[in-house]
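**Q** Take this structure, written in structure tokens, and hold onto it; I'll ask about it next.
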Amino acid sequence: MKFSKLFLTLLFLANFTSAQTKKDFNQYVNPFIGTGGHGHTYPGPALPFGMIQPGPDTRLEGWDGCSGYHYTDNIIYGFSQTHLSGTGIEDYCDFLFMPTVGKPEFINKQYASPFQKKNEKASPGYYSTFLDKYQIKAEITTTRRAGLYKFTYPKSTESNIIIDLKHRDKVLDSWVEIVNNREIKGYRKSSSWAKGQELYFHVRYNKPFKSYGIAINDEVKHGLKKAKGTNLKVYIQFETGDQESVLSQVAISAVDDAGALKNLNSEKDGFDFSKTLAKAKLVWNKELSKINAESTNKKKLTTFYTALYHSLLNPNLYMDIDGRYRGLDKKKHVAKDFEYYSVFSLWDTYRTENPLLTLVDRKRTLDFIKTFLEMHKQGGLLPIWPLANDETFCMIGNHAIPVITDAYAKGIRGFDAKLALEAMKHAVNRKQFGIDVYANNGAVLADIEHESASKTVEYAYDDWCVAQFAKMIGADADYQTYITRAQNWKNVYDPSTGHIRARNNGGWWKPFNPTEVNNNYTEGNSWHYSFSTQQDVNGHMDLMGGEKIYQEKLDELFTTKQGLTGRDQSDITGLIGQYAHGNEPSHHMAYLFNFTSHPEKTQYYINKIMNEQYHDQPDGLAGNEDCGQMSAWLVMSAMGIYPVSPGNNMYNIGTPWFKKMTISLENGKKIIISAPAKTDANYYIKGISLNGKAYSKLFLNFNDVSNGANLNFTLSATPDMNYLNSLEKPVMKIIQNLIVPNPIIEGPQETFKDKAQITITSALTNAEIYYTIDGSTPNKYSTKYVSPFSIDKDVIIKAIAYKKGFKTSYLSTAIYKKITTNYTIKINSEINKSFTGGGNDALIDGIRGGINWRVGNRWQGFWGIDFEGILDLGKEQHVNSVSVGALQDTQAWIIFPSVTEFYIAGNDMNFKLIGSVKAPTDAKDYTIQIKELTAKVDAQCRYIKIIAKNYGVLPSWHEGVGGKAHTFFDEITVK
1 MKFSKLFLTL LFLANFTSAQ TKKDFNQYVN PFIGTGGHGH TYPGPALPFG
51 MIQPGPDTRL EGWDGCSGYH YTDNIIYGFS QTHLSGTGIE DYCDFLFMPT
101 VGKPEFINKQ YASPFQKKNE KASPGYYSTF LDKYQIKAEI TTTRRAGLYK
151 FTYPKSTESN IIIDLKHRDK VLDSWVEIVN NREIKGYRKS SSWAKGQELY
201 FHVRYNKPFK SYGIAINDEV KHGLKKAKGT NLKVYIQFET GDQESVLSQV
251 AISAVDDAGA LKNLNSEKDG FDFSKTLAKA KLVWNKELSK INAESTNKKK
301 LTTFYTALYH SLLNPNLYMD IDGRYRGLDK KKHVAKDFEY YSVFSLWDTY
351 RTENPLLTLV DRKRTLDFIK TFLEMHKQGG LLPIWPLAND ETFCMIGNHA
401 IPVITDAYAK GIRGFDAKLA LEAMKHAVNR KQFGIDVYAN NGAVLADIEH
451 ESASKTVEYA YDDWCVAQFA KMIGADADYQ TYITRAQNWK NVYDPSTGHI
501 RARNNGGWWK PFNPTEVNNN YTEGNSWHYS FSTQQDVNGH MDLMGGEKIY
551 QEKLDELFTT KQGLTGRDQS DITGLIGQYA HGNEPSHHMA YLFNFTSHPE
601 KTQYYINKIM NEQYHDQPDG LAGNEDCGQM SAWLVMSAMG IYPVSPGNNM
651 YNIGTPWFKK MTISLENGKK IIISAPAKTD ANYYIKGISL NGKAYSKLFL
701 NFNDVSNGAN LNFTLSATPD MNYLNSLEKP VMKIIQNLIV PNPIIEGPQE
751 TFKDKAQITI TSALTNAEIY YTIDGSTPNK YSTKYVSPFS IDKDVIIKAI
801 AYKKGFKTSY LSTAIYKKIT TNYTIKINSE INKSFTGGGN DALIDGIRGG
851 INWRVGNRWQ GFWGIDFEGI LDLGKEQHVN SVSVGALQDT QAWIIFPSVT
901 EFYIAGNDMN FKLIGSVKAP TDAKDYTIQI KELTAKVDAQ CRYIKIIAKN
951 YGVLPSWHEG VGGKAHTFFD EITVK
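By my numbering, the letter at position 517 of the sequence shown is numbered 517, and the numbering carries on one by one without gaps.
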């Protein structure tokens with residue numbers, strides 16, 4: 001009977017596969033790629049964009065345990081039902097199942113089991129391993145909404161399955177119920193990255209369990225069939241013969257327990273593991289067959305098809321079989337003509353994954369857009385980073401906008417375009433994350449909002465997308481508004497360095513090092529954002545002084561020998577010079593050489609990145625997978641085309657990775673990309689033909705390929721510069737409503753002694769600058785700036801810039817305060833270069849840092865060392881007390897000093913201790929807070945010495961365990 005059933009399943013699979021495709025693409029997928037290093041992927045089975053991701057959990061915490069699994073681990077805690085693919089923050093891993101033998105245990109480190117890598121297998125739709133502690137083989141397959149487990153036990157009267165509702169996340173509420181001797185259901189509301197995720201499950205077994213128990217706070221409460229609490233676990237027990245398999249089918253729902261049961265009952269194949277697995281593999285083979293890459297290099301095919309596989313895992317279906325879902329307003333809704341999704345990592349995926357899906361999966365892309373609009377209606381905002389039924393607001397920008405615009409530009413219709421524009425405008429005009437500061441000043445200002453340089457360039461890109469969308473639907477007034485705002489990147493461009501920089505107090509944040517990772521940039525430094533002007537590449541080129549200067553700066557990005565400086569940022573990996581392929585802001589930059597006279601460098605670097613930043617081993621990704629983006633970059637780049645500026649119809653030409661690739665479109669047409677001379681050495685383009693005719697451009701338009709195309713590349717081992725420079729280059733240039741960048745007021749940071757010199761400049765040549773020094777608003781009748789000038793008192797300088805034919809700049813404002821005390825200070829400890837507070841005198845400049853320590857450059861930081869400073873009052877005088885302001889933000893590694901000691905001395909500098917203060921708050925208090933550390937003096941003195949003991953190495957309870965704590969101070973007050 002078993003043989004006959006298996007034979008029929010295999011026959012079904014063979015016939016269906018033959019009808020769909022003659023090629024087995026699944027053989028080239030290795031789900032373990034990305035589970036090592038910092039890839040953060042998971043190896044468990046999931047269907048494309050599926051709702052459930054059942055799989056193994058080997059790691060409970062830590063950055064490299066974000067998915068719940070890491071390839072280097074050899075302990076399995078169990079198998080949970082949801083997993084995130086490649087994120088940098090942990091969540092999911094809901095409802096852990098763990099098969100055991102013997103007396104049931106409820107502490108995860110007690111019921112966990114070792115396993116061996118040689119016994120672990122994974123392929124699309126399938127995962128298996130062997131639990132050495134219990135001699136149990138565990139196998140998993142899945143459908144869209146339900147996972148199917150097969151646990152094969154040894155002979156035992158105590159064969160168990162533990163269900164752990166407390167696993168990983170903080171549980172806010174949960175309940176579990178024994179429905180009958182074959183079914184269990186439950187609910188959990190948890191807080192992690194998503195602060196209020198709600199999820200239900202219903203599980204059914206293929207045989208009755210003989211006994212069960214519900215544990216509350218890890219103690220079994222006999223006789224209970226239902227329990228409620230925040231630490232619930234269940235065991236069920238079977239009697240099994242040797243090598244007897246117990247199957248369990250589990251479905252989930254974010255709506256209610258009835259939804260989970262409906263989802264479970266909709267799976268008609270029930271406990272037929274072979275048939276369910278066969279169907280899962282068919283689904284995957286069909287999806288993977290959309291791109292047929294031809295090569296004799298199996299490693300390369302494995303790298304590519306695993307990338308395609310990862311590109312098709314997210315976003316995730318978040319809707320029951322009856323159309324119900326839980327929205328971002330936490331209420332229940334019904335999707336009537338679309339499927340509702342969640343897990344949109346839009347800061348990452350708008351760059352490549354979404355454009356890839358716009359090309360090969362247009363129906364699903366339409367569903368994404370309809371999901372966005374429902375999120376706008378129900379949650380009040382287009383999504384930023386929605387996870388389950390929660391908006392996490394993770395990352396910056398409003399990047400649902402480029403996804404919608406890109407889809408519309410490429411012909412996707414069927415959604416309410418007027419509502420979409422309304423939602424876009426609402427998103428880019430709200431008072432949140434410095435957007436209002438940006439709208440009012442033409443830039444996010446570093447003295448008001450952190451990550452200001454990155455936010456400015458990304459907000460400007462989103463504005464360009466709003467403008468393009470408005471233009472396409474005939475909203476000309478909106479187009480004029482947002483094409484103007486799309487140029488705001490110019491307000492953070494520094495012509496003296498050629499970099500994107502943070503604006504602070506009318507000028508630039510100082511000191512500046514383009515390699516420094518600090519709070520002016522999102523997960524990066526200035527290099528990683530200085531080419532984030534995809535909407536205005538040629539405008540950027542012009543502002544820099546021409547193509548040659550631009551190309552040289554771009555070249556420096558890839559060739560500089562300078563390493564990273566500043567704070568540790570795990571996301572910045574895959575470095576080529578300062579280009580960081582392991583994080584998304586760099587992903588388009590190698591293609592920018594196409595805009596210059598050196599397009600061969602695009603081909604060189606794209607080939608280098610494809611070959612060196614991806615491979616077929618567990619650590620085969622340069623950085624976090626980020627829900628498909630890291631892999632989608634390879635998929636599209638391997639085609640030889642790439643969307644540098646999603647929101648328009650242009651694909652930049654790179655270099656193909658295979659001799660032949662066929663992309664099957666939803667309309668039945670095919671894009672055939674051929675490069676017959678492709679070898680490891682041959683990747684420079686010396687000829688292009690499109691549909692049999694010579695093609696003379698370094699870019700394609702969507703319309704060139706949307707109805708099928710034959711694209712042929714002739715490749716060689718050396719670049720033919722005459723040929724390459726004969727090709728028409730791409731142009732991305734804003735030519736309407738050109739703006740004058742904001743004036744740059746440069747002087748001291750905020751304070752000065754005696755006198756200070758002020759200069760005012762513009763990034764735009766021949767711009768005229770007018771200013772005032774009394775705080776009034778300048779105009780063309782104010783003082784015209786012609787040369788530097790001095791100040792010797794408190795002033796408020798305001799400046800504006802004009803140029804004929806250009807829109808007038810926004811106001812720039814600088815406030816300078818003269819220090820009137822004669823105090824001096826000597827800092828005997830090394831000041832952290834990322835947190836100087838503006839210089840040596842930061843602790844006595846009369847300007848206090850605020851609770852948001854990331855802005856304004858006012859806090860002085862000391863990393864991993866004790867602080868010592870000596871204050872000279874200038875002469876002996878009576879002092880009543882002395883205090884120093886300190887800040888604690890334990891999440892950010894900033895912890896109050898364990899002890900702060902105060903000493904005084906006269907002119908002889910013979911110091912004596914007059915008081916000490918212990919840390920005012922426990923280090924485990926994660927509240928961001930400022931405290932005054934004060935000592936009573938009541939004595940004559942000239943010198944005051946403060947010594948503060950650094951907290952030291954972060955302990956095991958901190959996520960940065962092993963790292964060094966920071967100490968932050970501002971300001972010293974003497975009374």
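All residues carry an ideal CB built from backbone N, CA and C; glycine is no exception.
1. Measure the Cβ-Cβ separation of TYR77 and ASP57 and say whether it is below 7 Å.
2. Using the rule of at least 16 other Cβ atoms within 10 Å of the residue's Cβ for burial, across every protein chain shown, is PHE393 buried or exposed?
3. Does the region 435-444 come close enough to the region 452-461 to have 3 or more Cβ pairs within less than 8 Å?
4. Taking the alpha-carbon of GLU183 as reference, which of LEU148, ALA227, SER248 and GLU120 has the nearest alpha-carbon?
5. Tell me SER190's beta-bridge partners as DSSP assigns them.
6. Could you compute how far the alpha carbon of LEU665 sits from the alpha carbon of SER289?
7. Kindly indicate which three-state DSSP category TYR235 falls into: helix, strand or coil?
8. Between which residues of its own chain and ASP164 is the CB-CB distance below 6 Å, once the five residues before and five after are set aside?
9. In the structure shown, what three-state DSSP assignment does LYS109 receive?
10. What residues match up with ILE825 in a beta bridge as DSSP calls it?
11. Between the C-alpha atoms of PRO920 and VAL899, what's the straight-line distance to the nearest angstrom?
12. Classify CYS465 as helix, strand or coil using the three-state DSSP reduction.
13. From VAL360 to ILE663, what distance separates their C-alpha atoms?
14. Quick check: is the beta carbon of TYR309 nearer than 7 Å to any beta carbon in chain B?
15. Which same chain residues end up closer than 7 Å to GLY577 when comparing Cβ atoms and leaving out the 5 residues on each side of it in sequence?
16. Are three or more beta carbon pairs between the region 339-350 and the region 298-317 nearer than 8 Å?
17. With burial defined as no fewer than 16 other Cβ atoms inside 10 Å of the residue's Cβ, what is the status of GLN940: buried or exposed?
18. Should TYR28 be labelled buried (16 or more other beta-carbon atoms within 10 Å of its own) or exposed?
19. Can you confirm whether the region 620-638 touches the region 32-43 when touching is taken to mean that 3 or more C-beta pairs between the two stretches lie within less than 8 Å?
20. Mapping the DSSP letters down to three states, classify GLY498 as helix, strand or coil.
21. Let me check one thing: in DSSP terms, what residues is SER80 bridge-paired to?
22. Kindly indicate which three-state DSSP category TRP527 falls into: helix, strand or coil?
23. Determine the extent of the beta strand (DSSP E) in which SER761 is found, giving its start and end residues.
24. Which runs of the beta strand (DSSP E) spanning at least 3 residues fall entirely within the region 863-938, listed in chain order?
25. What's the C-alpha gap between HIS966 and TYR926?
26. According to DSSP, PRO386 sits in a beta bridge with which residue or residues?
27. Are LYS352 and MET639 close, meaning C-beta to C-beta below 7 Å?
28. At which residues does the beta strand (DSSP E) containing LEU554 begin and terminate?
29. Distance check for LYS195 and GLN860, CA to CA, integer angstroms please.
30. Can we say the region 785-794 touches the region 758-773, given the rule of at least three CB pairs closer than 8 Å?
31. Candidates LYS418, ALA427 and THR349: which alpha carbon is nearest LEU381's?
32. Can at least three beta-carbon pairs, one atom from the region 596-610 and one from the region 245-264, be found at a separation below 8 Å?
33. Identify the continuous beta strand (DSSP E) that holds MET650 and give its terminal residues.
34. Would SER211 be called buried (16 or more neighbouring beta carbons within 10 Å of its own) or exposed?
35. Quick check on DSSP: helix, strand or coil for GLU374?
36. Excluding five sequence neighbours on each side, which residues of the same chain lie with their C-beta closer than 6 Å to the C-beta of LYS5?
**A** The structure says:
1. On the sequence shown, position 77 is the one that residue 77 refers to. On the sequence shown, position 57 is the one that residue 57 refers to. Contact: yes.
2. In the sequence shown, residue 393 corresponds to position 393, counting from 1. So PHE393 ends up on the exposed side.
3. Flag = yes, the region 435-444 and the region 452-461 touch.
4. Along the sequence shown, one-based indexing puts residue 183 at 183. The shortest C-alpha separation from GLU183 is found at SER248.
5. Numbered from its first residue, the sequence shown carries residue 190 at position 190. SER190 is bridged to VAL171 and GLN197.
6. Position 665 of the sequence shown, counted from the first residue, corresponds to residue 665. Position 289 of the sequence shown, counted from the first residue, corresponds to residue 289. So the two alpha carbons sit approximately 11 Å from each other.
7. Counted from its first residue, the sequence shown places residue 235 at position 235. Three-state result, TYR235: strand.
8. Locating residue 164 in the sequence shown gives position 164, counting from the first residue. Same-chain partners within the cutoff: LEU96 and LYS233.
9. Walking along the sequence shown from the start, residue 109 turns up at place 109. Residue state, collapsed to three classes: helix.
10. Here residue 825 is taken as the residue at index 825 of the sequence shown, counted from 1. Answer is LEU871.
11. In the sequence shown, counting from the first residue as 1, residue 920 sits at position 920. In the sequence shown, counting from the first residue as 1, residue 899 sits at position 899. Distance between the alpha carbons of PRO920 and VAL899 is about 9 Å.
12. Along the sequence shown, one-based indexing puts residue 465 at 465. The answer is helix: DSSP assigns CYS465 an H, G or I state.
13. Position 360 of the sequence shown, counted from the first residue, corresponds to residue 360. Position 663 of the sequence shown, counted from the first residue, corresponds to residue 663. The alpha-carbon atoms of VAL360 and ILE663 are separated by roughly 8 Å.
14. Note that chain B does not occur in the displayed structure, where there is just one protein chain.
15. Locating residue 577 in the sequence shown gives position 577, counting from the first residue. For GLY577, where only same-chain residues beyond five positions count, the Cβ hits under 7 Å are LEU557, PHE558, THR559 and THR560.
16. yes
17. Against the sequence shown, residue 940 aligns to sequence position 940. With fewer than 16 other Cβ atoms from the protein chains shown falling within 10 Å of its own Cβ, GLN940 counts as exposed.
18. The sequence position of residue 28 within the sequence shown is 28, counting from 1. So TYR28 ends up on the buried side.
19. yes
20. Locating residue 498 in the sequence shown gives position 498, counting from the first residue. Of the three classes helix, strand and coil, the one that applies to GLY498 here is coil, per DSSP.
21. Along the sequence shown, read from residue 1 onward, the residue named residue 80 stands at position 80. Its beta-bridge partners are GLY55.
22. Taking the sequence shown and counting its residues from 1, the one referred to as residue 527 is at position 527. Here TRP527 sits in helix by DSSP.
23. Sequence index remark: in the sequence shown, residue 761 carries index 761 (1-based). Position check: residue 761 holds Thr in this sequence, whereas Ser was assumed. Annotation for THR761: the continuous beta strand (DSSP E) segment containing it runs 756-761.
24. 867-888, 899-905 and 912-918
25. Locating residue 966 in the sequence shown gives position 966, counting from the first residue. Locating residue 926 in the sequence shown gives position 926, counting from the first residue. If you take the alpha carbons of HIS966 and TYR926, they lie about 14 Å apart.
26. As a working mapping, residue 386 is identified with position 386 in the sequence shown. DSSP lists GLU391 as partners of PRO386.
27. Against the sequence shown, residue 352 aligns to sequence position 352. Against the sequence shown, residue 639 aligns to sequence position 639. One detail in the question is off: residue 352 reads as Thr in this sequence, not Lys. MET639 is positioned such that its CB atom lies no closer than 7 Å to that of THR352.
28. Locating residue 554 in the sequence shown gives position 554, where the first residue counts as 1. Counting along the chain, LEU554 falls outside any beta strand (DSSP E), though it belongs to the alpha helix (DSSP H) covering 547-559.
29. Indexing the sequence shown from 1 puts residue 860 at position 860. Indexing the sequence shown from 1 puts residue 195 at position 195. Looking at the backbone, the Cα of GLN860 and that of LYS195 are separated by about 33 Å.
30. yes
31. Position 381 of the sequence shown, counted from the start, is the residue given in the question as residue 381. The candidate whose alpha carbon is nearest that of LEU381 is ALA427.
32. no
33. Here residue 650 corresponds to residue number 650 of the sequence shown, with the count starting at 1. Where MET650 is concerned, the enclosing beta strand (DSSP E) stretches over 650-653.
34. Reading the sequence shown from its first residue, position 211 is the one you call residue 211. Exposed, since its Cβ has fewer than 16 Cβ neighbours within 10 Å.
35. For the purposes of this step, residue 374 is taken as the residue at position 374 of the sequence shown. Looking at GLU374 - three-state DSSP - the assignment turns out to be helix.
36. By 1-based counting over the sequence shown, the position of residue 5 is 5. Confidence at LYS5 is low in this model, with a pLDDT of 47, below 50, so the placement of that residue is unreliable and no value is reported for it.
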